[in-house]
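Visitor: Mind looking over this structure? Questions follow.
Written as structure tokens, this is what we have:
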């Protein structure tokens, strides 16, 4: 071992390597230095071939003699010695026979020669152990090299590197990938240490102690550790990674926002998701299962590989040093895994980046949309908590789009599937705050207007503040009421609210009982006082029932425009489901139908509005599988169409009535209900009559059940029947 050797262990400098591809040479020569880079699965033969190629035509005479002539000479000499050895044994055998069998006899010249060979064999056997153990073990090594393949390789490497100046700087990259028993250390590094004086090892930061110990075991005495700052140099580090590191490298890419396919943005990493998947998704019996921890790989990715960079505590992103892989099958497998562990992920993840990536993985796989909503609600709360406001600008609008105008009923159809209608009130409040922080003042105003009915005093102040932030001082001033109408009571209980909703108001108004109308109005006034005499947020369902009852009261009084306004308030209430919104559309369609009936000059726009709103009601009710009220919804939709047909026959619309009423009759038969049976039957009868389809079965059902229909229903049946009978479009029904 060279006692003057200087070993330098350098960290965070792996990117200085000269080798860019595994297929390239492992050795690169500069003016006064050799750069040698090891990649996993490189062989000692490759190292020998690469250095031989580098030497090329510049091979010295000494190298040629060492490489070609001397080994051949040694081989020939060895064969000659073996031949002499065999000859000596034969001579010894003949000499021994002569000594025993022919004695006494005279010695001739050839006998003296035989005796000389016998003495040579004796002395060779006697002194061979001492010769083999002589200082330097040169002969022993020579013999070993003749029989041992590895030693022959080491000698050839040593001969090749003897062409280089001993004082050259030797820069060894990635040698920490193997342990000290590997040929890289036991043969190659040992040879380098014995030949050169200045050797630099470029390794991973967490491998310093291990490499230092290995060098000490190899006899290196003067070892210095150089811990460099992270180098921002762009370089293909992929080739230096082990198979184990490649697994984590792929997983790291899977746990990034590359899944969002936003190529123009920084690719953020979720170390939280990375560690979760690493511990659970990677199978423990995998042959490539990592022996080192997640944090070690992350540290290497920051300091040694230059894969990761960081701006904020939770915002870690890929550098330009990363070569992205396709990983299609791995993405599908990971998506399935995350979907199956969705609730566990939501409860554990705190980083908004984790939840963002989780959403994109599972959004197409989760059948129950409520599970997706849970991800988004946790995402919004974590963005607010971690103050990662720029994520709203970068990702939120790609997920949910822009906020709709809740005062525009025409936007409901386009926004019915909007996430804004499905997330909770508290989440909407957080989102309004985040919109403001992100500078989306108009979006925040729309959200506050959407929430306005929940607590007018609270949200009008937010709207005023937002107008002021936008510099629209007149709008800010005019949006404020002259005085705040602050309540002094505590928030009522659900029992109080439901009492006035159901017993006092809803039951009376629903049945149009004139004798109890005054009581219904008083109950409604008490309900209004309960709802608006406190300062806390109202339950959205309380408000929906209140405005729905108010609208029904207006319908009772034939004030349909006012009823429609109250129904619009119902649609403007946030965080309700398709059941409530569907019922509102059905009821609003009824108001438009009544408006049309009362019009002296029929306006097609009015009845078309009723039909379109009724269609939306059917869609929303069907989306929640509401079979209880579905016959009522379908009958009203059919009735809207029939009133249009009564003035302008349309065969396509007539077929639609037939389809809708057949579906309603099927449901009524299945549920054994008679609610609105009369209306469905008469509507079905009219459609069949207009289409010249046999009506005997429907007429029979009408006649058989005429006695069970209520007074109000019977009047509606006669009204629509007369609309068509007066022009002799349908046959006469005497029992009506």
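Residue numbers (the numbering used here): 74 to 809. We put the CB at the ideal spot given by N, CA and C, even for glycine.
#1: With 16 other CB atoms within 10 Å as the buried threshold, where does residue 373 fall?
#2: Classify residue 64 as buried or exposed, calling it buried when 16 or more other Cβ atoms lie within 10 Å of its own Cβ.
#3: Based on Cα-Cα distance, which residue from 645, 721, 324 and 446 lies nearest to residue 797?
#4: Counting only runs that start and end within the stretch 726-804, where is the alpha helix (DSSP H) found for 4 or more residues in a row?
#5: Counting pairs of Cβ atoms below 8 angstroms between the stretch 408-415 and the stretch 430-446, do you hit three or more?
#6: With a cut-off of 8 angstroms, do at least 3 Cβ pairs link the stretch 667-680 to the stretch 638-647?
#7: Runs of 4 residues minimum, wholly inside the stretch 334-416: which ones carry the alpha helix (DSSP H) assignment?
#8: Identify which residue in 761, 535, 466 and 526 has its Cα closest to the Cα of residue 611.
#9: Quick check on the DSSP output: the alpha helix (DSSP H) that includes residue 525 runs from which residue to which?
#10: Is it right to say residue 416 is buried, meaning 16 or more other beta carbons lie within 10 angstroms of its own, or is it exposed?
#11: Is it buried or exposed for residue 550, if we count other Cβ within 10 angstroms and need 16 for buried?
#12: Write down the C-beta distance between residue 581 and residue 590 rounded to the nearest angstrom, noting that I regard them as a contact closer than 8 angstroms.
#13: Would you call the stretch 107-116 and the stretch 243-261 in contact, with 3 or more CB pairs under 8 angstroms?
#14: Would you check if the distance between the CB atom of residue 433 and the CB atom of residue 298 is smaller than 8 angstroms?
#15: Can you list, in chain order, the residues of its chain whose CB lies under 7 angstroms from that of residue 615, leaving out five sequence neighbours each side?
#16: Residue 633 and residue 606: beta carbons closer than 8 angstroms?
#17: In terms of residues, what are the limits of the alpha helix (DSSP H) holding residue 681?
#18: Based on Cα-Cα distance, which residue from 395, 715 and 484 lies nearest to residue 758?
#19: In whole angstroms, what separates the C-alpha of residue 343 from that of residue 352?
#20: Could you check if residue 697 is buried or exposed, using at least 16 other CB atoms within 10 Å of its CB as the buried criterion?
#21: If distances are taken between C-alpha atoms only, which option among 324, 689 and 397 comes closest to residue 367?
#22: My guess is that residue 761 and residue 726 are in contact by the Cβ rule of under 8 angstroms, so how many angstroms apart are they, rounded?
#23: Spell out the partners DSSP gives residue 329 in its beta bridges.
#24: For residue 301 and residue 86, which I take to be in contact (beta-carbon distance under 8 angstroms), what is that distance rounded to the nearest angstrom?
#25: Using DSSP with H/G/I as helix, E/B as strand and the rest coil, what is residue 219?
#26: If you reduce the DSSP assignment to three classes, tell me which class residue 112 lands in.
#27: Where does residue 493 sit, in a helix, a strand or coil, going by DSSP?
#28: Go through its chain and collect everything with a Cβ distance to residue 54's Cβ below 6 angstroms, but skip five positions before and after it.
#29: In this structure, does DSSP put residue 514 in helix, strand or coil?
#30: Are at least three pairs of beta-carbons, each pair with one atom in the stretch 225-232 and one in the stretch 88-98, less than 8 angstroms apart?
#31: Please classify residue 565 as buried or exposed, where buried requires at least 16 neighbouring CB atoms within 10 angstroms.
#32: If you run the structure through DSSP and keep just helix, strand and coil, what is residue 593?
#33: Taking buried to mean at least 16 other C-beta atoms within 10 Å of its own C-beta, is residue 687 buried or exposed?
#34: According to the neighbour-count rule (16 or more other Cβ atoms, all chains shown, within 10 Å of its Cβ), is residue 647 buried or exposed?
#35: Less than 7 angstroms between C-beta atoms, sequence neighbours within five positions excluded: which residues of the same chain meet that for residue 543?
#36: 8 angstroms is my cut-off, CB to CB: does residue 510 come that close to chain B?
Guide: Here's the rundown:
#1: By one-based count along the chain shown, residue 373 stands at place 300. By the neighbour-count rule (16 or more Cβ atoms within 10 Å), residue 373 is buried.
#2: This structure leaves residue 64 out entirely; the chain is present only between 74 and 809.
#3: Your numbering for residue 797 matches position 724 in the chain shown. With distances taken between Cα atoms, residue 797 lies closest to 721.
#4: Correct list: 750-763, 769-778 and 784-798.
#5: yes
#6: no
#7: At a cut-off of 4 residues, the continuous stretches assigned as alpha helix (DSSP H) that sit fully inside the stretch 334-416 are 344-353, 367-376 and 401-413.
#8: Translated into positions along the chain shown, residue 611 becomes position 538. The candidate whose alpha carbon is nearest that of residue 611 is 526.
#9: Numbered from its first residue, the chain shown carries residue 525 at position 452. From DSSP, residue 525 is part of no alpha helix (DSSP H); its letter is neither H nor E.
#10: By one-based count along the chain shown, residue 416 stands at place 343. Residue 416 should be labelled exposed.
#11: For the purposes of this step, residue 550 is taken as residue 477 along the chain shown, with counting starting at 1. Looking at its Cβ environment, which holds fewer than 16 other Cβ atoms inside 10 Å, residue 550 is exposed.
#12: Reading the chain shown from its first residue, position 508 is the one you call residue 581. Reading the chain shown from its first residue, position 517 is the one you call residue 590. About 7 angstroms separates the two Cβ atoms, so the contact holds.
#13: yes
#14: Translated into the one-based positions of the chain shown, residue 433 becomes position 360. Translated into the one-based positions of the chain shown, residue 298 becomes position 225. No, these two residues do not count as a Cβ contact at 8 angstroms.
#15: Along the chain shown, one-based indexing puts residue 615 at 542. So the list reads 570 and 604, once near-sequence residues are dropped.
#16: By one-based count along the chain shown, residue 633 stands at place 560. By one-based count along the chain shown, residue 606 stands at place 533. No; because the gap between Cβ atoms is not below 8 angstroms, this pair is not in contact.
#17: Here residue 681 corresponds to residue number 608 of the chain shown, with the count starting at 1. Residue 681 -> alpha helix (DSSP H) spans 677-696.
#18: Position 685 of the chain shown holds residue 758. Selected option, being the one with the closest Cα: 715.
#19: Numbered from its first residue, the chain shown carries residue 343 at position 270. Numbered from its first residue, the chain shown carries residue 352 at position 279. Their backbone Cα atoms lie some 14 angstroms apart in a straight line.
#20: As a working mapping, residue 697 is identified with position 624 in the chain shown. Counting Cβ neighbours within 10 Å, residue 697 comes out exposed, since fewer than 16 surround it.
#21: On the chain shown, position 294 is the one that residue 367 refers to. Checking every option, the nearest Cα to that of residue 367 belongs to 324.
#22: Counting from one through the chain shown, the residue named residue 761 turns up at place 688. Counting from one through the chain shown, the residue named residue 726 turns up at place 653. In fact, because the Cβ distance is near 14 angstroms, the residues do not count as touching under 8 angstroms.
#23: Taking the chain shown and counting its residues from 1, one reaches residue 329 at position 256. Residue 329 is bridged to 342.
#24: Mapped onto the chain shown, residue 301 falls at position 228. Mapped onto the chain shown, residue 86 falls at position 13. Confirmed, Cβ separation roughly 6 angstroms.
#25: Here residue 219 refers to the residue found at position 146 when the chain shown is read from its first residue. With a pLDDT of 49 at residue 219, under the threshold of 50, the modelled position of this residue cannot be trusted; read the value that follows with caution. Residue state for residue 219 is assigned as helix, using DSSP reduced to three classes.
#26: In the chain shown, the residue the question calls residue 112 occupies position 39. Secondary structure of residue 112 (DSSP, three-state): coil.
#27: Taking the chain shown and counting its residues from 1, one reaches residue 493 at position 420. Residue 493 falls in the helix class under three-state DSSP.
#28: Coverage of the chain is limited to positions 74 through 809, which leaves residue 54 absent and any answer about it impossible.
#29: Mapped onto the chain shown, residue 514 falls at position 441. Helix.
#30: Output reads no: the stretch 88-98 does not touch the stretch 225-232.
#31: Working through the chain shown from its first residue, we reach residue 565 at position 492. It counts as buried.
#32: Counting from one through the chain shown, the residue named residue 593 turns up at place 520. If DSSP states are grouped into helix, strand and coil, residue 593 belongs with the helices.
#33: Taking the first residue of the chain shown as 1, we reach residue 687 at position 614. With 16 or more other Cβ atoms within 10 Å, it is buried.
#34: Position 574 of the chain shown, counting from 1, holds the residue named residue 647. The residue in question, residue 647, is buried, as its Cβ has 16 or more Cβ neighbours within 10 Å.
#35: Along the chain shown, one-based indexing puts residue 543 at 470. Excluding residues within five positions, the ones whose Cβ falls inside 7 angstroms are 514.
#36: No chain B appears in this structure, which consists of one protein chain only.
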